[in-house]
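Asks: Below is a structure I'd like to ask you about.
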Amino acid sequence: MSPSVAGTCPHCRELFRTEIDASHRLACPRCEHEILETLAPERVFEACVMCDCDAFYRQKDFNSAIGCCIVLFAAVLVPWTYGLSLIPAALVDWFLYRRTADMVVCYRCRSQFRGFDIPQRIVDFDHYLAEKHEAS
Ligand SMILES: [Zn+2]
Ligand SMILES: [Zn+2]
3 MSPSVAGTCP HCRELFRTEI DASHRLACPR CEHEILETLA PERVFEACVM
53 CDCDAFYRQK DFNSAIGCCI VLFAAVLVPW TYGLSLIPAA LVDWFLYRRT
103 ADMVVCYRCR SQFRGFDIPQ RIVDFDHYLA EKHEAS
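For the sequence shown, this note's numbering begins at 3 and goes up steadily by one.
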């Protein structure tokens with residue numbers, strides 16, 4: 003999977019998601035404004051390309067809609083399965099969760115960075131940091 007960035011373009015204010023090409027250039031597909039000259043993979047998380055914030059958190063790039071559907075389906079079957087349907091559903095859910103890669107999110111502008119090597123220092127979401135870095 004090639005690295006991709008999703009966020010709101012600082013120039014046209016449109017949401018976009020774009021892959022980083024071989025030259026590491028990042029541009030908004032809509033206004034084609036070059037946000038950054040180059041996006042060196044080892045420096046991506048020094049400062050956010052969108053807002054210059056240096057605080058990021060990691061989270062599972064997990065499509066929770068899929069997980070919800072499975073659990074809901076299992077819940078519907080409960081009267082016939084005496085609740086046993088919830089066990090495989092939980093397993094599938096867990097399996098999907100385990101298989102899902104981490105992505106990195108900027109605390110301030112909520113841009114999402116997928117497919118990069120995530121430095122060890124970037125940890126799970128922290129409410130204190132979120133409040134500190136929330137765009138005012
Ligand atoms: Zn744009
Ligand atoms: Zn940002």
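Yeah, the Cβ is synthetic: ideal placement off N, Cα and C, and Gly gets one too.
Who are glutamate 36's beta bridge partners in DSSP?
Replies: Paired residues: Ala29.
Asks: Which one or two residues does DSSP pair with glutamate 21 in a beta bridge?
Replies: According to DSSP, glutamate 21 bridges with Ser6.
Asks: For the alpha helix (DSSP H) containing phenylalanine 97, list its first residue and its last residue.
Replies: Note, phenylalanine 97: alpha helix (DSSP H), 88–101.
Asks: Got a sec: is the Cβ-Cβ distance from phenylalanine 118 to anything in chain D below 8 Å?
Replies: Of the chains in the structure shown, none is chain D; there is only one protein chain.
Asks: Rounded to whole angstroms, what is the Cα-Cα separation between phenylalanine 75 and aspartate 23?
Replies: Looking at the two C-alpha atoms, the distance is approximately 40 Å.
Asks: Cβ of glutamate 16 within 7 Å of any heavy atom in ligand 1?
Replies: Within the cutoff, so yes.
Asks: Mind reading off the beta-carbon distance from leucine 131 to tyrosine 99? Whole number of angstroms is fine, and I expect it under 8 Å.
Replies: The Cβ separation is near 23 Å, so there is no contact.
Asks: At what residues does the beta strand (DSSP E) containing tyrosine 59 begin and finish?
Replies: Taken as a continuous stretch (DSSP letters only), the beta strand (DSSP E) holding tyrosine 59 covers 58–62.
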